[in-house]
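Peer 1: Just so we're aligned: the sequence shown equals residues 47 to 188 in this note's numbering. Positions of the beta carbon are idealized from the N, C-alpha and C atoms, including for glycine. Pasting in a structure now, in structure tokens, and then I'll have a few things to ask.
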Amino acid sequence: MGADVLPEYKLQTTRMDKFTILHYSPFKAVWDWLILLLVIYTAIVTPYSAAFLLSDTEEQKIQSCGYSCSPLNVVDLIVDIMFIVDIVINFRTTYVNVNDEVVSHPSKIAVHYFKGWFLIDLVAAIPFDLLIYRSEIGRAYV
Numbered sequence: 047m048g049a050d051v052l053p054e055y056k057l058q059t060t061r062m063d064k065f066t067i068l069h070y071s072p073f074k075a076v077w078d079w080l081i082l083l084l085v086i087y088t089a090i091v092t093p094y095s096a097a098f099l100l101s102d103t104e105e106q107k108i109q110s111c112g113y114s115c116s117p118l119n120v121v122d123l124i125v126d127i128m129f130i131v132d133i134v135i136n137f138r139t140t141y142v143n144v145n146d147e148v149v150s151h152p153s154k155i156a157v158h159y160f161k162g163w164f165l166i167d168l169v170a171a172i173p174f175d176l177l178i179y180r181s182e183i184g185r186a187y188v
């Protein structure tokens with residue numbers, strides 16, 4: 047691609063912190079695709095699991111064996127961890143401001159992320175099934 051085809055911010059040299067990730071880097075592109083696949087997985091598997099896999103026998107099995115005895119629970123836990131890692135990565139990823147400048151200052155990135163997708167990402171990353179499991183164990187001992 048010639049210089050006349052690339053956006054101006056890709057031609058700028060930016061001074062960045064060692065742990066800052068460029069929003070147009072190959073790593074970030076692959077990471078975003080991975081997160082998209084995990085969101086699709088969650089959107090399909092969660093309703094299916096709630097509708098067809100949850101039963102009293104499954105609950106008793108979890109109570110006796112533990113949360114990690116079900117492979118689906120382990121995969122869901124890994125997905126939740128990946129969503130938490132995504133939040134950390136988003137706090138370190140550059141963005142383009144209204145002046146078409148790449149913003150790489152960590153505090154500006156954090157403020158931009160807090161004002162944008164942070165709350166949605168945080169709610170998506172909370173492992174509700176694990177919290178429910180922990181609260182049921184607490185009630186079992188009372």
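Can you give the beta carbon distance from Asp-126 to Pro-173, rounded, assuming they're within the 8 Å contact cut?
Peer 2: 4 Å
Peer 1: Taking 6 Å as the limit between beta carbons, can you name the residues of its chain near Phe-129, skipping five residues before and five after?
Peer 2: The residues are Ala-170, Ala-171.
Peer 1: From which residue to which residue does the alpha helix (DSSP H) around Val-144 run?
Peer 2: Here Val-144 belongs to no alpha helix (DSSP H), and DSSP marks it neither H nor E.
Peer 1: Near His-158, which residues of its chain fall below 6 Å by C-beta distance, leaving aside the five closest residues on each side in sequence?
Peer 2: Tyr-141
Peer 1: Between which two residues does the alpha helix (DSSP H) holding Ala-97 run?
Peer 2: That residue, Ala-97, is in no alpha helix (DSSP H); it is neither H nor E in DSSP.
Peer 1: With DSSP run on the structure shown, which of helix, strand or coil describes Arg-138?
Peer 2: coil
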